[in-house]
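Student: I am attaching a structure below and will ask some questions about it afterwards.
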Amino acid sequence: MKIIFLGTNGWFDTKTGNTVCALIKADTCNIILDAGFGLAKAGRYLDAKKPTAIFLSHLHLDHIVGLHVLAKFKFPKGLVIYAPKSALKSLRAFIAQPFTVPLRSLPFKVKITGASKKMRFAGIKINSLKLVHSSDCLGYRFQCHGKTIAYCTDTGSCGNILRLAQNADLLISECALQKGQDHGGWPHLDPEQAALLAKKANVRRLVLTHFDAENHPDKKDRSIAQKHARKIFRKSIAAVDGLTITL
Numbered sequence: 006m007k008i009i010f011l012g013t014n015g016w017f018d019t020k021t022g023n024t025v026c027a028l029i030k031a032d033t034c035n036i037i038l039d040a041g042f043g044l045a046k047a048g049r050y051l052d053a054k055k056p057t058a059i060f061l062s063h064l065h066l067d068h069i070v071g072l073h074v075l076a077k078f079k080f081p082k083g084l085v086i087y088a089p090k091s092a093l094k095s096l097r098a099f100i101a102q103p104f105t106v107p108l109r110s111l112p113f114k115v116k117i118t119g120a121s122k123k124m125r126f127a128g129i130k131i132n133s134l135k136l137v138h139s140s141d142c143l144g145y146r147f148q149c150h151g152k153t154i155a156y157c158t159d160t161g162s163c164g165n166i167l168r169l170a171q172n173a174d175l176l177i178s179e180c181a182l183q184k185g186q187d188h189g190g191w192p193h194l195d196p197e198q199a200a201l202l203a204k205k206a207n208v209r210r211l212v213l214t215h216f217d218a219e220n221h222p223d224k225k226d227r228s229i230a231q232k233h234a235r236k237i238f239r240k241s242i243a244a245v246d247g248l249t250i251t252l
C-alpha cells in the first residue's frame with residue numbers, strides 16, 4: 006500500500022506545493038484525502054478501474070478547490086465523496102454552476118454522502134470523529150491490509166486525534182503553524198504539537214502536511230519544522246509534493 010502526497014500546502018498554491026491532497030493506493034480501491042489543487046495530479050498515480058472515494062475533512066477552499074478538475078477524470082466504477090453531514094448542502098452547491106461543471110455533467114456517477122463514525126468502503130474499515138476547527142471538520146482512521154492510517158488536518162490539539170491515531174502505522178497530521186505560533190482563533194497545529202500527539206498516540210510514523218503557505222513558504226521552512234518535530238518524535242517527516250510512503 007502506498008500513500009502519495011499530491012498537495013501539501015495549506016491556504017494557497019506556491020512553487021513549493023499545491024493545496025492539500027493525498028492518495029492512498031490500496032489493493033481494492035483508491036482513497037483520496039481532501040481535494041485541494043493537488044487532486045489534479047491524481048491521474049498520474051491512481052488506478053481508475055478501482056472504486057474511488059474522496060474523504061473531505063471540511064469545506065474550506067484549500068481542501069475542495071480541486072473538485073473543479075473532476076471533469077478531467079474517468080471513473081468507470083463511479084466516485085463517492087464523503088464529507089461532514091452539516092456540509093453536504095454547501096458541497097452540492099459548490100460542485101455546480103456557476104462554480105464548476107455540475108455533477109450531472111461529469112463523465113461518471115458521483116455519490117455525495119455524509120461521513121459516519123463507522124463506515125466501510127471497498128472492504129476498508131473507516132472511522133471519523135470531529136476535530137477542533139473554525140468550522141465542522143472531521144479526522145479519519147483507515148484500517149486496510151493490516152495497516153492503520155490516521156488523517157487529521159485543520160485542527161487544534163484534541164482528544165479525538167489521539168483516538169483516531171492510537172497505535173496507527175502512520176499519522177498524517179497538519180502543520181500549519183510555526184513553532185510556538187498562536188493560531189489566532191483558527192485552530193491549527195505546530196510541529197511540536199503534532200509530534201507530541203504522535204508520541205502520545207504511539208504511532209509508528211508521523212508525516213506533517215498542510216503547511217500554511219504564508220508560514221512555510223520554502224522547503225527550508227519545512228526542514229525546520231521537521232527538526233522541531235524530531236526532537237520530540239524521531240520518526241517525523243515533513244511532506245513535500247510527490248512524497249511517497251510505503252506501508
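Take the sequence shown: its letter number 62 is residue 67 in the working numbering, and every next letter is one higher. Note that beta-carbon positions come from the ideal geometry of N, C-alpha and C, so glycine has one too.
According to the Cβ coordinates, are histidine 193 and leucine 202 closer than 7 Å?
Tutor: Not closer than 7 Å, so no.
Student: Can at least three beta-carbon pairs, one atom from the segment 139 to 150 and one from the segment 202 to 222, be found at a separation below 8 Å?
Tutor: Touching, no.
Student: When you compare only the Cα positions, how much space is there between leucine 211 and leucine 176?
Tutor: Their Cα atoms are separated by approximately 5 Å.
Student: Helix, strand or coil for phenylalanine 60, going by three-state DSSP, please let me know.
Tutor: Three-state DSSP puts phenylalanine 60 in a strand.
Student: With DSSP as the reference, label aspartate 67 as helix, strand or coil.
Tutor: In the structure shown, aspartate 67 sits in a helix (DSSP, three-state: H, G or I).
Student: Would DSSP call serine 241 helix, strand or coil?
Tutor: Strand, per DSSP.
Student: Between the Cα of glutamine 171 and those of Gly71, Gln148 and Asn35, spot the shortest distance and give me the residue it belongs to.
Tutor: The residue with the shortest Cα to Cα distance from glutamine 171 is Gln148.
Student: Mind pulling the beta strand (DSSP E) runs of 3 or more residues that sit fully within the segment 83 to 118?
Tutor: The qualifying runs are 84 to 88.
Student: How about alanine 53 and leucine 11: do their beta carbons lie closer than 7 Å?
Tutor: No, these two residues do not count as a Cβ contact at 7 Å.
Student: Who are the Cβ neighbours of leucine 111 in its own chain at under 7 Å, not counting the five residues just before and after it?
Tutor: Cβ within range, chain order: Leu75 and Ala76.
Student: If you draw a straight line from the alpha carbon of lysine 82 to that of alanine 120, how long is it in whole angstroms?
Tutor: Those two C-alpha atoms are separated by around 20 Å.
Student: DSSP beta-bridge partners for aspartate 217?
Tutor: Partner(s): Gly15.
Student: I believe asparagine 14 touches alanine 218 by the beta-carbon criterion, under 8 Å. Please report the beta-carbon distance rounded to the nearest angstrom.
Tutor: Right, the Cβ-Cβ distance comes to about 5 Å (below 8 Å), so this counts as a contact.
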